[in-house]
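Quick mapping for you: the protein sequence lines, in order, are chains A and B.
With my numbering as the guide, the letters of the first sequence map in order to residues 1 to 169.
With my numbering as the guide, the letters of the second sequence map in order to residues 170 to 338.
One structure below.
There are 2 protein chains.
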Amino acid sequence: MSLPDLTFDVIDRRILAALQDDATLSMNEIAARVGLSATPCWRRIQKLEEAGIITKRVALLHGPSIAAGVSVFVSVRTNQHTDEWLKRFAEVVSAMPEVVEFYRLSGDIDYLLKVVVPDIAAYDAFYKKLVSKIDLSDVSSSFAMEEIKYTTALPLDYMKVDKRPATSV
Amino acid sequence: MSLPDLTFDVIDRRILAALQDDATLSMNEIAARVGLSATPCWRRIQKLEEAGIITKRVALLHGPSIAAGVSVFVSVRTNQHTDEWLKRFAEVVSAMPEVVEFYRLSGDIDYLLKVVVPDIAAYDAFYKKLVSKIDLSDVSSSFAMEEIKYTTALPLDYMKVDKRPATSV
DNA sequence: GGTGAAACGACCAGATT
DNA sequence: AATCTGGTCGTTTCACC
Chain A
1 MSLPDLTFDV IDRRILAALQ DDATLSMNEI AARVGLSATP CWRRIQKLEE
51 AGIITKRVAL LHGPSIAAGV SVFVSVRTNQ HTDEWLKRFA EVVSAMPEVV
101 EFYRLSGDID YLLKVVVPDI AAYDAFYKKL VSKIDLSDVS SSFAMEEIKY
151 TTALPLDYMK VDKRPATSV
Chain B
170 MSLPDLTFDV IDRRILAALQ DDATLSMNEI AARVGLSATP CWRRIQKLEE
220 AGIITKRVAL LHGPSIAAGV SVFVSVRTNQ HTDEWLKRFA EVVSAMPEVV
270 EFYRLSGDID YLLKVVVPDI AAYDAFYKKL VSKIDLSDVS SSFAMEEIKY
320 TTALPLDYMK VDKRPATSV
């Protein structure tokens, strides 16, 4: 789903950058940071939310502290390709809380899952649960030995920015 | 980095669940939801932040609207394994804003990157930039055709929970 | 753990540049 | 469009029970 094509200016981009990094900033802090006063800044943020550009605000947790410190990437290949099977597969997998990301891919791997568990034993249990629920022809797992980078901040560098006297959003 | 082992009770878990899902909830809303009044609830959240369990609060954006709608998974195999090379690799890749996740893996693939770009052409440019910066023996890319699930919410199901008196409802 | 209250920030309206 | 001012309302935060 792609939304109505909007145009942004530099200020909008700065606002998004700030909020992507820290959603606890007060209106005054954001306003100061982007070079605006509080009110127009607030209005812009309202619009960005209404337009669905800002989708939600969430707290991020430290995995290891809550027994969710091990990430596993699961590659799935299948020979089943009916709509029926696919629908069920998507539902079953999406419902599992350990699965934090789930994509259909191009290339020789059909699906990729990112799974978060406390340890290898728990992954084994997860794996068994998974394969018991659906028929998968080929599943292969890789453990993340090290998380070198993880960010929820999308690159804003590709945003088309209107140089205009700010008729934005 | 794993933090001092704390014990949680059911209330803490509920608080984390709420905040993982929606960080805009007011103290009163959270308090009501977890069965507590605002102040003790606020104190718990303070502690969870101080302890580093809650790491940050961020806004999530709608990728397609900001020209960041295409995810690519990049598998890297290398024969270089010196600390020197590795350090440089980690630095160079981490500094690229298109790279939103970056792991060292077990198994036959050494590194996995999740890269976000606006389109295939931009990925091609990214790829060229990447390989120009560091020597990589084997790089293979898969495009996400469909994002079936993406959540920043870690599973709380594995948290060890103290059944202690701890609470009144 | 709870209560009450002061301090603060969000939100909105009106007037102005 | 942006800014400023003012005022209300809800929230956060803290001293105290």
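Each residue gets a CB set at the ideal place from its N, CA and C atoms; glycine is no exception.
All of these numbers come straight from a predicted model, not from anything done at the bench.
Expected contact under 8 Å - CB spacing of residue i and residue j to nearest Å
i	j	result
valine 117 of chain A	phenylalanine 126 of chain A	6 Å
valine 203 of chain B	arginine 226 of chain B	In fact, because the Cβ distance is near 18 Å, the residues do not count as touching under 8 Å.
isoleucine 11 of chain A	arginine 43 of chain A	So it is not a contact: roughly 11 Å between Cβ atoms.
methionine 145 of chain A	arginine 273 of chain B	5 Å
alanine 228 of chain B	alanine 59 of chain A	Actually they do not touch by this definition, with Cβ atoms about 12 Å apart.
leucine 373 of chain B	leucine 61 of chain A	Because residue 373 of chain B is not part of the residues shown, which for chain B are 170 to 338, the question remains open.
threonine 321 of chain B	threonine 152 of chain A	6 Å
In DSSP terms, what residue i is bridged to
i	result
alanine 313 of chain B	A:Leu105
leucine 113 of chain A	A:Val74 and A:Phe102
valine 203 of chain B	None; valine 203 of chain B has no bridge partner.
valine 161 of chain A	A:Phe8
valine 139 of chain A	A:Val76
tyrosine 150 of chain A	B:Glu270
Neighbourhood of residue i by C-beta, 6 Å cutoff - its chain only, sequence neighbours within 5 removed
i	result
phenylalanine 160 of chain B	Residue 160 of chain B lies beyond the stretch modelled for chain B, which goes from 170 to 338, so this question has no answer here.
valine 100 of chain A	Lys114 and Val116
tyrosine 123 of chain A	Val72 and Val117
lysine 329 of chain B	none
lysine 87 of chain A	none
serine 310 of chain B	Val241 and Val243
aspartate 331 of chain B	Thr176 and Asp178
glutamate 49 of chain A	none
tyrosine 158 of chain A	none
Neighbourhood of residue i by C-beta, 8 Å cutoff - its chain only, sequence neighbours within 5 removed
i	result
asparagine 28 of chain A	Ala38
glutamate 147 of chain A	Ser71
isoleucine 289 of chain B	Val239 and Phe312
valine 300 of chain B	Val308
leucine 154 of chain A	Gln20
lysine 129 of chain A	Met96
glutamate 84 of chain A	none
Proximal residues to residue i (C-beta, below 7 Å), its chain only, five neighbours per side dropped
i	result
leucine 136 of chain A	Val76 and Thr78
phenylalanine 258 of chain B	Ile303
isoleucine 199 of chain B	Ile184, Ala187 and Cys210
leucine 156 of chain A	Arg13, Leu16 and Ala17
glutamate 98 of chain A	Val115, Val116, Val117 and Phe126
alanine 201 of chain B	none
lysine 341 of chain B	No statement about residue 341 of chain B is possible, as the shown extent of chain B runs from 170 to 338 and does not include it.
glutamine 80 of chain A	Asp135
threonine 167 of chain A	Only weak support is given to the placement of threonine 167 of chain A: the predicted model assigns it a pLDDT of 40, under 50, and the value that follows is read from those uncertain coordinates. Same-chain partners within the cutoff: there are none.
glutamate 260 of chain B	none
Contact test: residue i Cβ vs the ligand SAH heavy atom, cutoff 7 Å
i	result
histidine 250 of chain B	With respect to the ligand SAH, the structure offers nothing, as it holds no ligand at all.
Checklist entry - Does the segment 61-80 of chain A come within contact of the segment 175-193 of chain B, defined as at least 3 CB pairs closer than 8 Å? => result yes
Checklist entry - Mind pulling the beta strand (DSSP E) runs of 3 or more residues that sit fully within the segment 206-265 of chain B? => result 223-230 and 239-246
Checklist entry - Can at least three beta-carbon pairs, one atom from the segment 209-229 of chain B and one from the segment 272-281 of chain B, be found at a separation below 8 Å? => result No, the segment 209-229 of chain B does not touch the segment 272-281 of chain B.
Item to check | Sufficient close CB pairs (3 or more, under 8 Å) joining the segment 239-249 of chain B to the segment 208-217 of chain B | outcome: Contact fails between the segment 239-249 of chain B and the segment 208-217 of chain B, because fewer than three Cβ pairs, one in each stretch, are under 8 Å apart.
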